[in-house]
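Taken in order, the sequence shown gives residues -27 to -1, 1 to 229; the numbers are from mature numbering (1 follows the signal peptide of the UniProt record, and there is no 0). Below you'll find the structure, written out as structure tokens, and then a few comments.
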Amino acid sequence: MKRHSIAALLLSTGLMGLAGVVAPASAAETQPSVVIVHGAFADGSDWAKVVALLQDKGVKVTAVQNPLDSLAGDVAAATRAIDNQPGKVVLVGHSWGGAVITEAGKDAKVASLVYVAAFAPDAGESVATLGETLPKAPGTDHITADASGWLSLPPADVAKYFAQDVPVKQANVMAATQGPIKATAFGEKVSVASWHQKPSWFVISQNDRMIAPDAQRAMAKRIGAKVTEVPSSHVPQQSRPADVAKVILDAVASVK
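Shown next as structure tokens:
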């Protein structure tokens, strides 16, 4: 079909406006993007403050909406987001999301990893087995399961253990919008630990009641991460967004 005929066809079907979707990426679009993988008992909106700060610096950001039904399902969601980026990616994971980025980070587009109050398992480990070897945090005793095996945190416990340093009204919204996670996901083992090959950063939450700070320090040391400690709850992206954004921007600036 001749070029003008293709254009006519696009016009006639109303698809001309979509032609830019498949256009070659510009030079600006090939700069490092940031893909954020949220944790359990949360969703992508948990990262709204950090997303806005990164966007203010001209960084392209995608916050993944994890199904939280399995490690494999969340890795697939993260991989789709990574593959939709025009160039290299800085992959960020919070809490459970750390296990997801550990596996999804094997993608060739991923240049570096940022763990935020997160799990960082090695190949052959699950979050459950990793947790058995690390100091325990008090908030884990308050996770509840429904009849179908989905786990969540009651609103009062979100405010007390998950996000104790954010306003109560905000913590209540977080509780209402939290994403329950399938209990079996915690038992799924990571097959590849990409932190062995990719540089990593780690934000440690000093007042974390969901993943003990000493557990975070042990994981950060094991993976050889560049460490930043912040005086926050389990959600520094909510209570210390500027600090978290600064770490991510450092990772972005390090991509060559």
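Glycine is no exception: its CB is placed at the ideal position from the N, C-alpha and C atoms. All figures in this text were calculated on a predicted structure; none of them were measured in a lab.
Have a look at K33 and K171 and give me their C-alpha separation to the nearest angstrom.
The count along the sequence shown starts at 1 and reaches residue 33 at position 60. The count along the sequence shown starts at 1 and reaches residue 171 at position 198. Those two C-alpha atoms are separated by around 20 Å.
Are the beta-carbon atoms belonging to A77 and K61 less than 7 Å from one another?
As a working mapping, residue 77 is identified with position 104 in the sequence shown. As a working mapping, residue 61 is identified with position 88 in the sequence shown. With contacts defined by Cβ atoms closer than 7 Å, A77 and K61 do not form a contacting pair.
Which residues in the same chain have their Cβ closer than 7 Å to the Cβ of S209, if we skip the five residues on either side of it in sequence?
Mapped onto the sequence shown, residue 209 falls at position 236. The question names Ser, but residue 209 is Pro in the sequence shown. Excluding sequence neighbours, P209 sits near V89, A90, V176, S178, V203, D216, V217.
Terminal residues of the continuous beta strand (DSSP E) containing A110?
Residue numbering aside, residue 110 sits at position 137 when the sequence shown is read from its first letter. Element bounds for A110: n/a, residue is neither H nor E.
Going by beta-carbon coordinates alone, are G97 and K162 separated by less than 7 Å?
By one-based count along the sequence shown, residue 97 stands at place 124. By one-based count along the sequence shown, residue 162 stands at place 189. Their beta carbons are under 7 Å apart, which means G97 touches K162 by this criterion.
Given a cut-off of 7 Å on the beta-carbon distance, is the pair W174 and A136 in contact?
Within the sequence shown, residue 174 is the residue found at index 201, counting from 1. Within the sequence shown, residue 136 is the residue found at index 163, counting from 1. Contact flag unset, no.
Express the C-alpha separation of A101 and S121 in angstroms, rounding to a whole number.
Locating residue 121 in the sequence shown gives position 148, where the first residue counts as 1. Locating residue 101 in the sequence shown gives position 128, where the first residue counts as 1. Their Cα atoms are separated by approximately 19 Å.
Roughly how many whole angstroms lie between the Cα atoms of K142 and A132?
Looking up residue 142 in the sequence shown gives position 169. Looking up residue 132 in the sequence shown gives position 159. Cα to Cα, K142 sits roughly 9 Å from A132.
Would a C-beta distance cut-off of 7 Å place Q211 and F14 closer than the cut-off?
Here residue 211 is taken as the residue at index 238 of the sequence shown, counted from 1. Here residue 14 is taken as the residue at index 41 of the sequence shown, counted from 1. No, Cβ-Cβ distance for Q211 and F14 is not below 7 Å.
Output needed for A149: all residues of its chain with C-beta closer than 8 Å, excluding positions within five of it in sequence on either side, in chain order.
Start at 1 with the first residue of the sequence shown, and residue 149 comes out as number 176. The answer, listed in chain order, is P128.
Since G66 is in the beta strand (DSSP E), which residue starts that stretch and which ends it?
Against the sequence shown, residue 66 aligns to sequence position 93. Run containing G66: 62 to 67, per the beta strand (DSSP E) assignment.
I'd like to confirm the pairing. Which residues does DSSP put opposite G160 in its beta bridges?
What you label residue 160 is simply residue 187 of the sequence shown in a count that begins at 1. None; G160 has no bridge partner.
Can you tell me whether F135 is helix, strand or coil according to DSSP?
Taking the sequence shown and counting its residues from 1, one reaches residue 135 at position 162. Helix, per DSSP.
Report buried or exposed for S68, applying the criterion of at least 16 other Cβ atoms within 10 angstroms of its Cβ.
In the sequence shown, counting from the first residue as 1, residue 68 sits at position 95. It counts as buried.
Select from P5, K22, D187 the residue whose C-alpha is nearest the C-alpha of K109.
Taking the sequence shown and counting its residues from 1, one reaches residue 109 at position 136. The shortest Cα separation from K109 among P5, K22, D187 belongs to D187.
Can you tell me the Cα-Cα spacing of L64 and V8, whole angstroms?
Numbered from its first residue, the sequence shown carries residue 64 at position 91. Numbered from its first residue, the sequence shown carries residue 8 at position 35. Their Cα atoms are separated by approximately 5 Å.
Does the Cβ-Cβ distance between T106 and P94 come in under 7 Å?
Taking the sequence shown and counting its residues from 1, the one referred to as residue 106 is at position 133. Taking the sequence shown and counting its residues from 1, the one referred to as residue 94 is at position 121. No; because the gap between Cβ atoms is not below 7 Å, this pair is not in contact.
Can you tell me which of G112, A51, W123 puts its alpha carbon nearest to the alpha carbon of T157?
To locate residue 157, count along the sequence shown from 1; it is residue 184. Ranking G112, A51, W123 by Cα distance to T157 puts W123 first.
Can you name, in chain order, every residue of its own chain whose Cβ lies under 8 Å from the Cβ of N180, other than the five neighbours on each side?
As a position in the sequence shown, residue 180 is number 207, starting the count at 1. For N180, where only same-chain residues beyond five positions count, the Cβ hits under 8 Å are Q137, D138, P186, P204, S205, S206.
Within the same chain, show all residues whose beta-carbon is closer than 6 Å to that of D19, passing over the 5 residues directly before and after it, in chain order.
The count along the sequence shown starts at 1 and reaches residue 19 at position 46. Correct list, in chain order: H11.
If you follow the alpha helix (DSSP H) that S212 is in, where does it begin and where does it stop?
Counting from 1 along the sequence shown, the entry for residue 212 is found at position 239. Segment 209 to 212, the alpha helix (DSSP H) holding S212.
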